[in-house]
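So for the sequence shown, my numbering puts the first residue at 13; every next one is plus one. Presented below is the structure to which this report refers.
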Amino acid sequence: MNKNMLIRILVSIIAIPAILFIIYLGKLPFLFFVSVIAIISLNEFYSFIKQKNIQPQLIIGNMSAVIILFNTYYHFIDLRILLLGIVFILSLIELFRNKNSSIYNLGGSLIGIFYIVFFLSSLINIREFDSINYEKGGLLIISMIITIWSCDSAAYFGGISFGKHKLFPRVSPKKSWEGSIFGFVFSIIAMIILQKFVIDFITLQQAVIMGAIIGIFAQIGDLIESLFKRDAGVKDSSNLIPGHGGFFDRFDSLIFISPIIEIIIKLLNI
């Protein structure tokens, strides 16, 4: 076992129980947890897009992140009005900045806010969706994360063992179709097992649907983050997590899958 893999395992042993405990607690601890992920990931994104001579609005971007997430939890103001206000303020400030391309600056600022922060706000909605049986939201998110981890692990080891056909070489040269299929299959298996022992309030059919969706879109989320990094010419979003890269690297699949799972929960009437 190489040193990097050992570090990854040690960090996971410490972090995973803490993450699962915070998710189960919910309420303000979970709100702060999501806020930390969102703000750090947002700043990592803003940091590496500077390689493309983009100058995002850091202060307003971070303020917008906090307001969106806390508004999702407390419901201070109508979301449409909030988002319109953010776009208005960013556009107005860009008028006076005169830093490189205003179009790129505004676009980069907004992509970070919408793709990372707005997507992650769905996690708060999922955690809080059932106030009567409050633990249901926590168990769903725990199951989502376990399924994503299962997908990632199966895709990695399946790709190493059987990978021959490149999945998306322009974006991620090491990923293979064989590894991707392993990830998809094990996502469904993981969700079926979790339905039996953790989230028995959903049906087997709902578990299969959610497992299949995570198996597809979690991998797409990883590819999209790889696309961003490759375009910016960086390997990792940061080196904040020893052996794992940055927060955006570790939570890219969760970020992308969160709004999809929120929609599925509503469509399936869970």
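Beta carbons: idealized from backbone N, C-alpha and C, even for Gly.
Endpoints, beta strand (DSSP E) assigned at residue i
i	result
Phe180	Lys178 to Phe180
Alpha-carbon spacing of residue i relative to residue j, whole angstroms
i	j	result
Ile115	Leu122	11 Å
Leu36	Gly149	A quick correction: the sequence has Tyr, not Leu, at residue 36. In a straight line, the C-alpha of Tyr36 is about 8 Å away from that of Gly149.
Phe180	Ala166	18 Å
Gly124	Gly73	8 Å
Phe11	Asp164	Nothing in the structure corresponds to residue 11, since the chain is present only between 13 and 282.
Glu147	Leu43	15 Å
Ala27	Ile61	28 Å
Ile214	Ile160	18 Å
Lys241	Ile277	31 Å
Leu135	Phe82	12 Å
His346	Asn281	With the chain represented from 13 up to 282, any question about residue 346 goes unanswered, as that position is not in the structure.
Leu96	Leu22	44 Å
Met203	Lys247	31 Å
Ile272	Leu40	23 Å
Arg262	Gly120	21 Å
Ile225	Val210	19 Å
Gly191	Ile205	21 Å
Asn145	Ile200	25 Å
Tyr86	Phe141	13 Å
Asn251	Gly258	5 Å
Asp243	Ile71	24 Å
Phe260	Leu266	10 Å
Ile153	Phe108	42 Å
Ile79	Phe268	20 Å
Val99	Val183	30 Å
Opening and closing residue of the alpha helix (DSSP H) in which residue i lies
i	result
Thr84	Leu70 to Tyr86
Gly119	Ser114 to Ile123
Phe57	Lys39 to Ile61
Gly227	Leu216 to Ala244
Where residue i falls, given that 16 or more other Cβ within 10 Å makes a residue buried
i	result
Asp234	buried
Glu106	buried
Ala77	buried
Tyr127	buried
Thr84	buried
Asp90	exposed
Lys186	exposed
Arg92	exposed
Tyr285	Residue numbering for the chain in the displayed model covers 13 to 282; residue 285 lies beyond these limits and cannot be assessed.
Ser103	exposed
Ala50	buried
Met75	exposed
Asp212	exposed
Asn110	exposed
Gln69	buried
Gly245	exposed
Gln63	exposed
DSSP-derived helix/strand/coil call for residue i
i	result
Ile253	strand
Gln207	helix
Lys247	coil
Ile282	coil
Phe100	helix
Ile212	Note on residue identity: the sequence assigns Asp, not Ile, to residue 212. Note: Asp212 maps to coil in three-state DSSP.
Ile89	coil
Ile66	coil
Any C-beta of chain C under 8 Å from that of residue i
i	result
Leu216	Here there is only one protein chain, and chain C is not present.
- Taking the runs of the alpha helix (DSSP H) that are 4 residues or longer, which of them lie wholly in the segment 130-200? For the segment 130-200, the full-length alpha helix (DSSP H) segments reaching 4 residues or more read 131-139 and 147-174 along the chain.
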